[in-house]
Each structure stands twice: as C-alpha cells, then as structure tokens.
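Report on the following structure.
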Amino acid sequence: MRPLALALALLLSACAVIRLPLGTSEAHREVSLLGEGTGKVLLVEVSGTLSFRSPWSPPGLGRGESLPARVRADLDWGRKDPQVKALLVKIDSSGGTVAASDVVLHEILSFREEKGVPVVAVILERGLSGGYYVALGADEILALPAALVGSVGVFVAKLDASILLERWGVRSEITKAGAQKDLLSPLRPLGPEEQETLREIVDAFQDRFVEALRAARPGVRDADLEVIATGAPFTAQRAQELGMIDRVGYLDDAFRAALERAGLEDGRLVAYRRGSAARGNPYALGTLLGGIEAGPILLDPSAVEELFQAELRY
Numbered sequence: 667m668r669p670l671a672l673a674l675a676l677l678l679s680a681c682a683v684i685r686l687p688l689g690t691s692e693a694h695r696e697v698s699l700l701g702e703g704t705g706k707v708l709l710v711e712v713s714g715t716l717s718f719r720s721p722w723s724p725p726g727l728g729r730g731e732s733l734p735a736r737v738r739a740d741l742d743w744g745r746k747d748p749q750v751k752a753l754l755v756k757i758d759s760s761g762g763t764v765a766a767s768d769v770v771l772h773e774i775l776s777f778r779e780e781k782g783v784p785v786v787a788v789i790l791e792r793g794l795s796g797g798y799y800v801a802l803g804a805d806e807i808l809a810l811p812a813a814l815v816g817s818v819g820v821f822v823a824k825l826d827a828s829i830l831l832e833r834w835g836v837r838s839e840i841t842k843a844g845a846q847k848d849l850l851s852p853l854r855p856l857g858p859e860e861q862e863t864l865r866e867i868v869d870a871f872q873d874r875f876v877e878a879l880r881a882a883r884p885g886v887r888d889a890d891l892e893v894i895a896t897g898a899p900f901t902a903q904r905a906q907e908l909g910m911i912d913r914v915g916y917l918d919d920a921f922r923a924a925l926e927r928a929g930l931e932d933g934r935l936v937a938y939r940r941g942s943a944a945r946g947n948p949y950a951l952g953t954l955l956g957g958i959e960a961g962p963i964l965l966d967p968s969a970v971e972e973l974f975q976a977e978l979r980y
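Here is the structure:
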C-alpha cells in the first residue's frame, strides 16, 4: 500500500494520529491578511515546539522545515522588501530547546537591527518558557486576555529506566572515557557529582533567561523579577501587572500598535504562505505541519526519541 493510502486508511479507521506536513515546498507567496495600503507589517509565526527537528512525516511525503528555519526564511524574504515597515511576531508556544529558542530570538533581534523597523509580539494561547523568551525581542508585547504567559525557567529531564531494565533482566555495558560522559544516559541514575554538573548548567541558562528579560523589560521591579523567575505561568492580566507584557489585547490591537510604531496611518498585515496553506487569515498557520489528527495513538517516532533523550529546555 502506498504511504498516502496507508495514512488515509489509518485516519478513516480512527485508530491513529497522523501528522502530515503538507505544503512543505520552498515556493511561497505573499498574502494580505488585514488592512490596506502600500506599507506592510510582516507577520511571522512562532507556533508549537521550538526545536531544530524537522516535523516527522510518513515515508514518501517529505519533511517540513524546522521552526527556526521557517522563521529565518520569512525574515530573509522580508529583508528584501522595502515596503516592510514593521514586524509582528505571533506566538503560541509552550517553549522548546534552549538553543532553538535562543536562535529564534537572535533572528528577530537581528532583523530589527538590520531593517531598522519596530517589532511587536502578540501571544495567543501560550507564551510560555521559550515562547516568552522569543517575545523578548519585541519593542512591545501584547497577550490575548485568555493567554498564559511566563514559565520563565529552564529544566533538563533525564529518564532513569535502570530499575525497569533490571526487572527485565537487561544489563547495559558501556565503555567510556570521562567519568560523566554518559550522565544523560537513561540506563542508569545520576551520581552526586553529575547532579551538581546539571545544576550548574541549568543555573547558567536560567541566569541567561533572566538577564534577557531584565534587558528587554527594564521596568520590571526586582521584587517582581523574583516572582517571575519562579517559573510559574501567569494570566495575561497578572503578566501585565508584573511588567512582563505591555498590554492585554487581540491580534488587531497588535497590528495597530505595529502601524503606530512604524509611523504608518494605514498599511497591510502580510504573511508568506507555503504550498497549500490557508489564505488570508491572520490566525491560520503559514504551512500545514501536522494538521490531520484522529484517534489516541501518535505515529511519530520522534516522540519516542524525545522521551529517551534528555535536553535543556526553556
């Protein structure tokens, strides 16, 4: 059976979750989403998990771009258009790896500096951890009234399957150079020195997150910063009280804020769409990456891989 026929058969039987990265072609087109005029506000999406991994797909359907790659591609296209006068970053993410979050923030800051345009961020459902970290590249941050904001922190989760393997009679044998070379292995627990090693790494990246917040939001009081750095999520209203965002509003409000900061009386909100992605809707994803779902089983090998692979995550 061909891959597409197999995927459709599983979908119709309601026994699996299929994520199909349709529309992954490099071809793109500009679409107008809101407003009118010659000046443009470029909409860039930061949705889902911040990771360098490409979305998984069944064999024969091709793989989509990773989130950092898509953000960089959109910004590169925007750099070539002299009519792009502002950037609007639409965020709906619970975070991801430290490295991917940092790269996306770097790309936004570089675009702002090189292009000399204002940046506004709007948080939809979630601007948590790495999602909020990315928002720190904006001159102004808005969040929907029902959004969750914050979770400022870093963690690394290491699975310890040693007891389970012992019950099964499975033993691992590892030859290594360096006492801590395999400290993230799921085949054994951490030792005291290894726990201290991970603590130092986690604290270093936590300090990096807090310093980025302090630099981007200089109005945040020290007492509030201590509350923020607990890693707790906050409602949009509470996040505004703490100085984490500037306003509670909607996507239209963020668009108007971008126009005002760019000195435009009117203008268009534009985005670059790939393949068969939805047209003319500011809430639609720019590319269909895993849009077909049915049933309780996730047929994505990368999910199993992530379960056993420890990562530093915002």
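Letter by letter, the sequence shown follows residues 667 to 980 in my numbering.
Here a beta-carbon is modelled for each residue, glycine too, at the ideal position from N, C-alpha and C.
Since we're looking at a predicted model, the values are computed, not measured.
Assigned secondary structure, residue i (DSSP; H/G/I helix, E/B strand, else coil)
i, result
"T690", "Confidence at T690 is low in this model, with a pLDDT of 44, below 50, so its placement is unreliable and the value that follows should be read with caution. Coil."
"L741", "helix"
"T863", "helix"
"K842", "coil"
"S968", "Note that S968 has pLDDT 49, beneath the 50 cutoff, so the model's placement of it is unreliable and the number below is only indicative. Residue state, collapsed to three classes: helix."
"D932", "coil"
"F821", "strand"
"I774", "helix"
"K781", "helix"
"D768", "helix"
"E977", "coil"
"G796", "helix"
"R922", "helix"
"I789", "strand"
"I757", "strand"
"I807", "strand"
"R837", "coil"
"E711", "strand"
"S698", "strand"
C-alpha distance - residue i paired with residue j, whole-angstrom precision
i, j, result
"A766", "R833", "37 Å"
"S760", "E877", "20 Å"
"D740", "G762", "20 Å"
"I757", "P858", "39 Å"
"P811", "L831", "47 Å"
"Y980", "D932", "37 Å"
"R913", "P884", "16 Å"
"D826", "L709", "42 Å"
"T901", "V707", "27 Å"
"L925", "L814", "25 Å"
"G793", "G915", "14 Å"
"D768", "G835", "42 Å"
"Q749", "L930", "11 Å"
"K842", "S828", "18 Å"
"R880", "L917", "25 Å"
"R874", "V764", "10 Å"
"K751", "K847", "49 Å"
"S795", "G897", "8 Å"
"E780", "F921", "21 Å"
"G782", "G744", "12 Å"
"P652", "E711", "This structure gives no information on residue 652, because the portion of the chain shown stretches from 667 to 980."
"V697", "D869", "43 Å"
"V886", "G701", "34 Å"
"P905", "L891", "The sequence given here has Ala at residue 905, not Pro. Whole-angstrom Cα-Cα distance: 11 Å."
Whole-Å CB distance - residue i paired with residue j, under 8 Å assumed
i, j, result
"L808", "I894", "Between I894 and L808 the Cβ distance is about 18 Å, and since that is not below 8 Å, they are no contact."
"I867", "L790", "Rounded, the Cβ-Cβ distance is 31 Å, inconsistent with contact."
"S776", "P899", "Contact doesn't hold; Cβ gap of about 29 Å is too wide."
"E806", "A923", "6 Å"
"R736", "L753", "Not confirmed; about 15 Å, so no contact."
Cβ neighbours of residue i in the same chain (closer than 7 Å, five flanking residues each side left out)
i, result
"Q872", "G819 and V820"
"A804", "V755, V785, V786 and A787"
"L771", "Y799, V800, L802 and G803"
"T704", "Q749"
Own chain, CB closer than 6 Å to residue i, minus 5 neighbours either side, in chain order
i, result
"R695", "R939"
"A882", "L802"
"T715", "G762"
"R738", "E773"
"S838", "L853"
"S717", "G762, T763 and A766"
Sequence-distant residues of the same chain with beta carbon closer than 8 Å to residue i, five excluded per side
i, result
"L699", "L709, R934, L935, V936, A937, G946, N947 and P948"
"A845", "E859"
"G909", "R883, G885, V886, R887 and D890"
Closer than 7 Å: residue i CB and nearest the ligand SAM heavy atom
i, result
"K842", "You won't find the ligand SAM in this model; it holds no ligand whatsoever."
Worksheet item: Mind pulling the alpha helix (DSSP H) runs of 4 or more residues that sit fully within the region 844 to 901?
Response: 858 to 882 and 888 to 894
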